[in-house]
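The sequence shown begins at 1320 in our numbering and counts up one residue at a time. Everything on this sheet refers to the single structure shown next.
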Amino acid sequence: MKATQEDIKPKNIIIFKCDEFGSGNIQEFDGHVQIVDEKGVHVVYSSGYRSRNDFIPYSDILAKLDKRKPYIKLANAPYSGHFIEYT
1320 MKATQEDIKP KNIIIFKCDE FGSGNIQEFD GHVQIVDEKG VHVVYSSGYR
1370 SRNDFIPYSD ILAKLDKRKP YIKLANAPYS GHFIEYT
């Protein structure tokens, strides 16, 4: 299941892949969704001691926090918690 505009809402906490500096080093991050549109979401997340805001396409969203779900370890990221995992 892929993340879609219907799944992700503002204020959701998501796990996503991002090349934060455009250097080709793709890493996983967690952040809060600010804006949702048809191609992806705008997310605020911590990068070192600063916060960043980036556009993340739906294909790069790995999971969404949902405390009603069982505790799992994500297969594609070094995170554990109560998540809905997207493939």
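Where is the CB? At the ideal position from N, CA and C, for every residue including glycine. Note that the structure is predicted; figures quoted are calculated from it, not measured.
(request) Using a threshold of 8 Å, state whether the C-beta atoms of Asp1349 and Tyr1390 are closer than that. (result) no
(request) Grab the span of the beta strand (DSSP E) containing Gln1353 for me, first residue to last. (result) 1346-1355
(message) Assuming Ala1310 is part of the beta strand (DSSP E), what are its boundary residues?
(response) This structure leaves residue 1310 out entirely; the chain is present only between 1320 and 1406.
(request) Taking all protein chains shown into account, decide if Gly1359 is buried (16 or more other Cβ within 10 angstroms of its Cβ) or exposed. (result) buried
(message) Considering just the uninterrupted stretch of the beta strand (DSSP E) at Asn1395, what are its terminal residues?
(response) No beta strand (DSSP E) contains Asn1395, which DSSP labels as neither H nor E.
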